[in-house]
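Residue numbers (our numbering): 12 to 345.
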Ligand code: ISE
């Protein structure tokens, strides 16, 4: 039996998911690539041997020859398309963020609870990256003592789209950190402050956030969407008896002209390829067994990331520390 997967959205991430489904998921078929731009759908479908293409996402979800869905269309479509998948009784791997609005995330949670089962796996793929997994293990083993702080750097070469704004550093890029830090520390946030230095040009400037957790830890996150030199993501966790830092992944090193150098990835798709592959394999198991993967993030995690992002945007705009006020965690997600 093969699971027939439709990929909705044939942009950067959709193309990557189509490739992973076609090449790295034994037991899955790339059934269909859907994009409003038919040519783009065709290009990605042809590149990865999809059976068919479509331009209508809702029609795609309803099709009888589609068993499961990957949503990789723009952020604002994630929540409504996830709800459509729940209504159709189909499991969905939805790219992050679930929504930039916590109210929309809440609506997806409601739909899932009404359906009585989890349908949405959220694409916070950093949880599948070995460096964060080892960091979590080191903390959970107890060697580091109680966690005190976590430092995070997230640097892109340049903003991924021309319409990328400063607020999107918080709503589109930082949710990775919001999620993976919660995952590693096993806690929630209590408050957030946000700051921005001034650039000499009109490009989006870095955003620096300081978060306080409900357990009294401090977390700082630097998002620099226009770092120019490479895709560079780092984290360091400081405990009371030790610290653990992620290493940059570089398979080779060049020694030349009295210097030593290693390379950077150009973006997240190559840096986290293995994490995406492992995440998508877990999704396939989820579709086959109905058991939600232990490592993956769910709609509750999506809600948590969105509510922190909303508080972060307010903190930046109003130049003040903003409390993070979350609803109580529904029993369904316990
Ligand atoms: C993008 O949407 C991602 O998810 C990338 O991982 C992140 O590095 C980038 O900043 C986001 O815009």
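Cβ atoms here follow ideal geometry from the backbone N, Cα and C, with glycine treated the same way.
- [ ] Answer yes or no: the CB of residue 184 versus the heavy atoms of the ligand ISE, is any distance below 7 Å?
- [x] yes
Open item on the list: What I want to know is whether the C-beta of residue 167 ends up closer than 7 Å to one or more non-hydrogen atoms of the ligand ISE.
Closed with: yes
Task: For residue 334: DSSP bridge partner residues - done: 202
Open item on the list: Could you compute how far the alpha carbon of residue 18 sits from the alpha carbon of residue 85?
Closed with: 13 Å
Task: residue 154 and residue 253 closer than 8 Å at C-beta - done: yes
Task: For residue 122 and residue 81, believed in contact at Cβ under 8 Å, the rounded distance - done: Not confirmed; about 18 Å, so no contact.
Open item on the list: Just to confirm, is the Cβ distance from residue 167 to residue 278 under 8 Å?
Closed with: yes
Open item on the list: Is residue 236 a contact residue of the ligand GTP, with contact defined as CB to any heavy atom under 7 Å?
Closed with: In the structure shown, the ligand GTP is absent; the only ligands present are the ligand ISE.
TODO: Determine the burial state of residue 334: buried for a count of at least 16 other Cβ atoms within 10 Å of its Cβ, exposed for fewer.
DONE: exposed
Task: Element boundaries [alpha helix (DSSP H), containing residue 28] - done: 23 to 35
- [ ] Return yes when the C-beta of residue 187 is under 7 Å from any heavy atom of the ligand ISE, and no when it is not.
- [x] yes
Task: Three-way DSSP call (helix, strand, coil) for residue 242 in this model - done: strand
- [ ] Let me know the secondary structure DSSP gives residue 117 once reduced to three states.
- [x] helix
TODO: Would you grab the beta carbon distance between residue 133 and residue 307 for me? Rounded to a whole angstrom, and I think it's under 8 Å.
DONE: 7 Å
TODO: With a threshold of 7 Å, establish whether the CB of residue 217 neighbours any heavy atom of the ligand ISE.
DONE: no
Task: Closest by C-alpha distance to residue 198, when choosing among 337, 50 and 23 - done: 337
Task: Same chain, Cβ closer than 6 Å to residue 245, neighbours up to 5 away in sequence not counted - done: 164 and 257
Task: Closest residue to residue 200 among 51, 65 and 332 (Cα-Cα distance) - done: 332
Task: Residue from 314, 103, 46 and 207 with nearest C-alpha to residue 301 - done: 103
Task: residue 30 Cβ short of 7 Å to the ligand ISE heavy atom set - done: no
Open item on the list: Distance check for residue 206 and residue 71, CA to CA, integer angstroms please.
Closed with: 42 Å
TODO: Check residue 168 in the structure and name its three-state DSSP category.
DONE: coil
Open item on the list: Do residue 287 and residue 161 count as a contact pair if the criterion is CB distance below 8 Å?
Closed with: no
Task: For residue 16, the residue or residues it bridges with in DSSP - done: 41 and 79
TODO: Report the rounded CA-to-CA distance for residue 270 versus residue 203, giving the unit in angstroms.
DONE: 41 Å
Task: Heavy atom of the ligand ISE within 7 Å of residue 85 beta-carbon - done: no
Task: Counterpart residues of residue 134 in DSSP-defined beta bridges - done: 106
Open item on the list: For the ligand ISE, I want to know if residue 171 counts as a neighbour, meaning its beta carbon is within less than 7 Å of at least one of the ligand's heavy atoms.
Closed with: yes
Task: CB contact flag (residue 236, residue 180, <8 Å) - done: yes
Open item on the list: Could you tell me the alpha carbon to alpha carbon distance between residue 347 and residue 233, rounded to whole angstroms?
Closed with: This structure cannot speak to residue 347, because the chain is shown only from 12 to 345.
Open item on the list: By the DSSP assignment, the alpha helix (DSSP H) with residue 291 in it spans what residues?
Closed with: 284 to 300
TODO: Please determine, among 156, 89 and 38, the residue with the shortest C-alpha to C-alpha distance to residue 248.
DONE: 156
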